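What follows is a set of notes on a single structure, which appears directly below.
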Amino acid sequence: MISARFAKWNLIGVSIALTILFLSISPTAEASEWQRFFARLHPAYVHVPMGILLFGLILTILKALRWLKDGDNMINIALVVGSWGGLQAIAAGSWLGQLSGYPPDVLFLHKMLGYSVTLLSAVLVYVHFKSPKPALVHGGWGILMLALVVGGDLGGSMTHGEGFVTEYAPAIARDILGHPDPMNERFELSTPTLTSVYDGIIAPIFSQKCTSCHGEDRDRNRLRLHSRESISNHKGDEPLIVEGHPEESLLITRISLPEGHEDQMPPPLNARPLSHADVELLIWWVAEGASFDALIADVAIPPHIVTILEAYGLSEIRRGIFALDVSLPDSNAVAALRLTGASVDPLTSDSPFLSVRCGSNAKCFSGDELGTLGPHIAWLDLSASTVSDSDLAVLGELPHMTRLDLSGTGIDGAGLSSITDLEFLEYVNLYDTRMSDDALEHLAAVPTLTAVYLWQTAVTPEGVLELRNAIPEARINTGETN
Ligand code: HEC
76 MISARFAKWN LIGVSIALTI LFLSISPTAE ASEWQRFFAR LHPAYVHVPM GILLFGLILT
136 ILKALRWLKD GDNMINIALV VGSWGGLQAI AAGSWLGQLS GYPPDVLFLH KMLGYSVTLL
196 SAVLVYVHFK SPKPALVHGG WGILMLALVV GGDLGGSMTH GEGFVTEYAP AIARDILGHP
256 DPMNERFELS TPTLTSVYDG IIAPIFSQKC TSCHGEDRDR NRLRLHSRES ISNHKGDEPL
316 IVEGHPEESL LITRISLPEG HEDQMPPPLN ARPLSHADVE LLIWWVAEGA SFDALIADVA
376 IPPHIVTILE AYGLSEIRRG IFALDVSLPD SNAVAALRLT GASVDPLTSD SPFLSVRCGS
436 NAKCFSGDEL GTLGPHIAWL DLSASTVSDS DLAVLGELPH MTRLDLSGTG IDGAGLSSIT
496 DLEFLEYVNL YDTRMSDDAL EHLAAVPTLT AVYLWQTAVT PEGVLELRNA IPEARINTGE
556 TN
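For the sequence shown, the numbering used here gives the first residue as 76, with consecutive numbering after it.
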């Protein structure tokens, strides 16, 4: 028979033991050999008392239903054994935590729930004697079971991956335990034109899978992966990262080892493994130069990486002017420009950017008719119009122009000095004009150009060669095969 005295001293003893465990096992210390042996038995130490507590719960329910007359002593024995088993599980679990690479915040919560279950078991025995009101006893059991289920779920999530326990659970249970959709939460992919590959993709992999052992609190092999500085300053026997060469980077070779290799990172027994996609993303980052600043939208993304990132929620990357936040054009200004005979159309149905074609009416975009439309004009077609070089000064007021067609006009290009500050200009067509070598310098000053048409103009092969050297990325078409 468990007595009231025993219940009291059990509660005092368990409380003292819990305090000692909490204070004496530091989460960041290094477990000794025999502690490691004991630690690996944590799952067994957890599940046995759990079963015994469940037995106590069943007896309590049977008693509440009056199907059982006097189960109190049995229930109390179950709770006492549960509290002692809890102490053992906490000790083993705390050492296992030292070895493992599980996320410290989840680990801490899991641990606190373990402490709660253990303490509550001892408290409940005491309550049985001190104030055995059904409401108090049943409420206590409710809280105990909640702590047990949530704590167990966290434990399962850490060892087997988020959502392991609830994967096949009914939707309600999943909502209560609050497992978000892991695919869309993992990386920061919503603003690829503002987020760097490092911040959005690489740092989350390190913080989820590496920094519990290689971070601020712990630095196994003096390696810390929690910040830009710590990564760039790592001094090991072999280089951690060789920019552009994943195969020579220790960071990559250690995560690409075959299953079971003793140098494999993360260590297979104590940490969540990297997924195949994680490994591919890290290789990609190093191959692209391991930059900490390069934006997702600005680096080359090979097809297999596109596939991975799309699965994690990356949508089409908006580049150039399409990444800008530009309001819709004023409809009165559009109507006024149309009155000059120009055709004015949005690039796509809801785009703030316009395509403007002047036809033979060269004056269609003189400063006045343009009104407030300057920032909206992306494509400007002045082909076969009577536009002159002096008219071209207004091009400097079209900061978002990407395509300019001047083919079949009488210009010699002197007026193109106005385009040198345009940041988005990609395409210039000067086919069938008097364009001269002298004016090519204006084109050479626009590094964003990707296509230039100079067929049937006054430029010489030497002039074209110089232009090619100045803007090597651009395709320069002179009508000759080259
Ligand atoms: C459970 C703890 C743990 C986790 C998690 C972990 N490591 Fe390690 N790592 C170690 C230990 C211990 C060493 C030192 C022993 C060794 O070299 O195997 C080490 C060594 C390394 C080294 C060698 C450093 C050098 O200069 O010698 C690299 C590189 C490395 N880890 C990368 C990673 C990466 C990348 C991750 C995440 C994907 C990771 N580790 C996750 C424990 C861990």
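For every residue, glycine included, the Cβ atom is placed at its ideal position computed from N, Cα and C. Since we're looking at a predicted model, the values are computed, not measured.
Near the ligand HEC: residue i beta-carbon under 7 Å from a heavy atom
| i | result |
| --- | --- |
| Ser282 | no |
| Met220 | no |
| Gln536 | Note that residue 536 corresponds to Pro in the displayed sequence, not to Gln. Pro536: no, Cβ never under 7 Å from the ligand HEC. |
| Ile330 | yes |
| Asn85 | no |
| Met233 | no |
| Pro342 | yes |
| Ser169 | no |
| Asn308 | no |
| Arg295 | yes |
| Asp368 | no |
| Ser287 | yes |
| Leu182 | no |
| Leu298 | yes |
| Asn148 | no |
| Asp228 | no |
| Gly176 | yes |
| Leu448 | no |
| Gly290 | no |
| Ala157 | According to the sequence shown, residue 157 is Gly rather than Ala. No, the beta carbon of Gly157 sits no closer than 7 Å to any heavy atom of the ligand HEC. |
| Gly311 | yes |
| Ala346 | yes |
| Leu315 | yes |
| Leu325 | yes |
| Leu356 | no |
| Asp338 | yes |
| Leu349 | yes |
Candidates the options, of which the one nearest residue i by Cα
| i | options | result |
| --- | --- | --- |
| Leu524 | Phe204, Glu555, Leu479 and Gly485 | Leu479 |
| Trp359 | Glu516, Pro378 and Gly290 | Pro378 |
| Leu229 | Tyr177, Leu481 and Glu541 | Tyr177 |
| His451 | Leu470, Ser435, Leu344 and Ala365 | Leu470 |
| Gly538 | Glu548, Ile376, Met510 and Val89 | Met510 |
| Ala549 | Ala362, Gln283, Ala520 and Ala533 | Ala520 |
| Gly490 | Thr423, Val462, Leu171 and Val89 | Val462 |
| His301 | Leu357, Tyr528 and Ala278 | Ala278 |
| Asp250 | Val225, Phe262 and Leu529 | Val225 |
| Ser307 | Ala365, Gly488 and Ile330 | Ala365 |
| His213 | Ser175, Met149 and Lys138 | Lys138 |
| Pro124 | Ser482, Ala153, Asp353 and Met76 | Ala153 |
| Trp530 | Pro522, Asn504 and Leu422 | Asn504 |
| Gly275 | Tyr387, Val419, Gly434 and Asn85 | Tyr387 |
| Tyr506 | Pro209, Asn552 and Ala246 | Asn552 |
| Ser169 | Thr535, Leu455, Leu98 and Leu269 | Leu98 |
| Gln163 | Ala375, Lys144, Ala119 and Pro536 | Ala119 |
Residues bridged to residue i (per DSSP)
| i | result |
| --- | --- |
| His289 | Asp294 |
| Arg550 | Ala526 |
| Ile452 | Leu429 |
| Val419 | Val431 |
| Asp512 | According to DSSP, Asp512 bridges with nothing at all. |
| Leu356 | Answer is none; Leu356 lacks a bridge partner. |
| Asn504 | Asp480 and Tyr528 |
| Leu370 | Ser271 |
Proximity test, Cβ basis, 8 Å: residue i and chain C
| i | result |
| --- | --- |
| Leu326 | Among the chains in the structure shown there is no chain C, since it carries only a single protein chain. |
Residue i CB to nearest heavy atom of the ligand COA below 7 Å
| i | result |
| --- | --- |
| Ser302 | For the structure depicted, the ligand COA is absent and the ligand set comprises only the ligand HEC. |
Validate contact between the region 394–414 and the region 425–437 using beta carbons, cut 8 Å, 3 pairs: Segment contact: the region 394–414 against the region 425–437, three or more CB-CB distances shorter than 8 Å; contact assigned.
Cβ contact (3+ pairs, closer than 8 Å) linking the region 146–161 and the region 200–218: Judged by Cβ distances under 8 Å, the region 146–161 makes contact with the region 200–218, as three or more pairs qualify.
The region 290–302 touching the region 181–200, judged by at least three CB pairs closer than 8 Å: No contact exists between the region 290–302 and the region 181–200.
Three CB pairs or more closer than 8 Å across the region 343–350 and the region 281–293: Judged by Cβ distances under 8 Å, the region 343–350 makes contact with the region 281–293, as three or more pairs qualify.
Three CB pairs or more closer than 8 Å across the region 113–127 and the region 168–177: They touch, by the three-pair rule.
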